[in-house]
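Below is one structure, written out as structure tokens, with a few remarks after it.
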Amino acid sequence: MAWMRKDLVSMQDIEAGEIADLLDTAESMKEIATREIKKVPTLRGKTVVNLFYESSTRTRTSFEIAGKWLSADVINFSASGSSAEKGESFLDTARNIEAMSPDVVVVRHKAAGGPALLAKHLRCSVVNAGDGAHEHPTQALLDLLTIREKKGHLEGLNVTIVGDITHSRVARSNIHGMRKMGMTVTVAGPPTLIPPACQEMGVKVSHRLEEAIAHADVIMMLRLQHERMTGGFIPSLREYSRVWGLGLDRLQHCRPDVLIMHPGPVNRGVEISPEVADSQYSVILDQVTNGVAVRMAVLFLLAGSKAA
Amino acid sequence: MSTREKAEVLDQAGLDRALTRIGHEIVEQAGGADLALVGIKTRGETLAARIAQKIASIEGKRPAVGALDITLYRDDLGTRAEQPQVRSTEIPFPLKGLTVVLVDDVLFTGRTIRAAMDALMDLGRPRVIRLAVLVDRGHRELPIRPDYVGKNLPTSRRETVAVMLTEHDGQDRVVIQEPEEGDPSLDGATTPTPRRTIKKGRA
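Chains as they are written, first to last, in this note's numbering: chain B, 1 to 308; chain W, 1 to 203.
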């Protein structure tokens, strides 16, 4: 299946065949990371702009490395210290950047739908690197790549996503992607952090951690997002950790081949104990490694294609 | 574009003889030591493995074999309607100091070989790079010349050369195809050919 899209805005938009293609391409890209000279000339003369209105270390660095390994010129723009602080609108800033002829704009914004807005108004390709509590497609793709690599396949696997589902764009993108790839998804967390319409996305809901993780092939622990916690969703961090935190004691009741994932940044001792985060079951750093490969695949397919 | 078979160029025995001869020529010129064969995906990889087998039966030692995907080094990215699929490069040995024989099925414009040489140089510094092809069909666009050729085959640009190998296509043979009469496409070089048969279309 050929990639024909100008943009990558959400996992909801793309089809299973396109996801499989992206993962295959990313898998081939991994070899470049093992080379002595980690650079191929593929995107020579192409420009990638990272337009980040929210803080990010992993995602921005990952896109930057991905672009540079493919020989694209990567420019980082962060909202703080920019014209955005002088009152320029989001779309005006984006149009100004487009006037400098980039090939791909990678955008992170606190407002859901920000990247979709740019995709509609800009001629260049737009990649969503996280928009509010909506989607984070490249994170879902790197998670799928990691699972496929470790398990050999995706279809039929049971995945449990634990924590703050309501505010999580990672969960939302993963649910769309995993459902399309034929996986069974269970979400678990306190009722205040599980969106009421969750079942409509085709997931099971559980309010008991032990029950939710007992048969899981993959457990994905989400970060408790302090910055989006303004409404008293949980009584206290300590209680959340006691009820919903994953420690070695709870891990004992899981499948022996379970994978523990976390999109980062990890709050050690809150949603996941250090012993679990560093255990043999944890693939948290593999996720980061695969992030670069996935973003190379995305940039290659968007910037290298005629549509761009 | 629909194509029809114009002529069979090599049958199974002919193809096998061509590879045997290439194997002998490589051994004669390069010797068996510090030798590696690197096939260009997909059919070049298969041919490289077969030639390595021939060399093993001549020399008693099988040379190292690797596979190269040149997609990331193509010069026509962004000019095609769809992106070619990226496959992985598998060269599990250091290239430094080796005599590397690049192996491909059909030599046409020479652009694939240009890309392959760039890719090899990024991976290491071979002592020598040589080129073995099953079919040389002419129409070079770059100053590139093969060292070992299975069959020289004068063709017109509108024809395509299809190399079929048992591993991919269920049979071993090489044929020339031409467009059906009345087909408006005149230039075989820019016309996509069906996936299961071959390109030579491509760079």
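We put the CB at the ideal spot given by N, CA and C, even for glycine.
query	result
Do the stretch 2–19 of chain W and the stretch 36–44 of chain W meet, that is, are 3 or more Cβ pairs less than 8 Å apart?	no
Determine the burial state of residue 93 of chain W: buried for a count of at least 16 other Cβ atoms within 10 Å of its Cβ, exposed for fewer.	exposed
According to DSSP, is residue 354 of chain B helix, strand or coil?	With chain B covering only 1 through 308, there is no way to say anything about residue 354 of chain B.
Determine whether the Cβ of residue 35 of chain B lies closer than 8 Å to any Cβ atom of chain W.	yes
How about residue 28 of chain B: is its C-beta nearer than 8 Å to some C-beta of chain W?	yes
Tell me whether residue 146 of chain W is buried or exposed, calling it buried when 16 or more other Cβ atoms sit within 10 Å of its Cβ.	buried
In this structure, how does DSSP classify residue 139 of chain W when only helix, strand and coil are distinguished?	coil
DSSP state of residue 86 of chain B, grouped into three classes?	helix
Just to confirm my understanding: we take residue 109 of chain B, look at its own chain, exclude 5 residues before and 5 after, and list those with CB closer than 6 Å. What are they?	53 and 131
Comparing alpha-carbon positions, which option in W:125, W:171 and W:133 lies nearest residue 48 of chain W?	W:133
Would you mind working out which of B:13, B:7 and B:2 sits nearest residue 21 of chain B, comparing C-alpha positions?	B:2
Assuming contact is defined by CB atoms lying nearer than 8 Å, are residue 188 of chain B and residue 159 of chain B in contact in what I supplied?	no
Excluding the five sequence neighbours on either side, which residues of its own chain have a C-beta within less than 8 Å of the C-beta of residue 283 of chain B, listed in chain order?	146, 150, 259, 260 and 261
Determine whether the beta carbon atoms of residue 204 of chain W and residue 167 of chain W lie at a separation below 8 Å.	Residue 204 of chain W lies beyond the range of chain W shown here (1 to 203); nothing can be said about it.
Just mark residue 37 of chain B as buried or exposed, buried being the case when its beta carbon has 16 or more other beta carbons within 10 Å.	exposed
Does the contact criterion of 3 or more C-beta pairs under 8 Å hold for the stretch 72–82 of chain B versus the stretch 41–55 of chain B?	yes
Starting from residue 6 of chain W, trace the beta strand (DSSP E) in both directions and tell me its first and last residue.	3–10
Please list the terminal residues of the continuous beta strand (DSSP E) segment that includes residue 108 of chain B.	104–109
Less than 7 Å between C-beta atoms, sequence neighbours within five positions excluded: which residues of the same chain meet that for residue 4 of chain W?	177, 178 and 180
Would you identify the three-state DSSP class for residue 12 of chain B, choosing helix, strand or coil?	coil
Kindly list, in the order they appear in chain B, the residues whose Cβ is closer than 7 Å to that of residue 77 of chain W.	42 and 304
Step through the CB atoms of chain W and report whether any lies within less than 8 Å of the CB of residue 293 of chain B.	no
In chain W, what lies closer than 8 Å to residue 244 of chain B by C-beta?	Within chain W, no residue comes near residue 244 of chain B; the closest Cβ sits about 40 Å away, beyond 8 Å.
May I ask you to list, following chain order, the residues of the stretch 54–78 of chain B that have a beta carbon less than 8 Å from some beta carbon of chain W?	70
Which of helix, strand or coil does DSSP assign to residue 59 of chain W?	helix
In whole angstroms, give me the CA-to-CA distance for residue 79 of chain W and residue 267 of chain B.	46 Å
Would you say residue 68 of chain W faces chain B, with C-beta separation under 8 Å as the test?	no
Counting Cβ pairs closer than 8 Å, one from the stretch 56–76 of chain B and one from the stretch 110–120 of chain B, do we hit at least three?	no
Span of the alpha helix (DSSP H) holding residue 115 of chain B?	114–121
Using a Cβ-Cβ distance cut-off of 8 Å, determine whether residue 16 of chain B contacts chain W.	no
Select from the stretch 39–66 of chain W all residues with a C-beta closer than 8 Å to any C-beta belonging to chain B, and list them in chain order.	none
In angstroms with no decimal places, state the Cα-to-Cα distance between residue 307 of chain B and residue 120 of chain W.	In this prediction, residue 307 of chain B has a pLDDT of 49, which is less than 50 and means its spatial position is unreliable; nothing more can be read from the coordinates.
Checking the sheet assignment: what are the DSSP bridge partners for residue 56 of chain B?	DSSP lists no partner for residue 56 of chain B.
Counting along the chain, where does the alpha helix (DSSP H) carrying residue 147 of chain B start and finish?	137–151
Can you tell which of B:107, B:264 and B:27 has its C-alpha closest to the C-alpha of residue 85 of chain W?	B:27
Rounded to whole angstroms, what is the Cα-Cα separation between residue 43 of chain B and residue 296 of chain B?	10 Å
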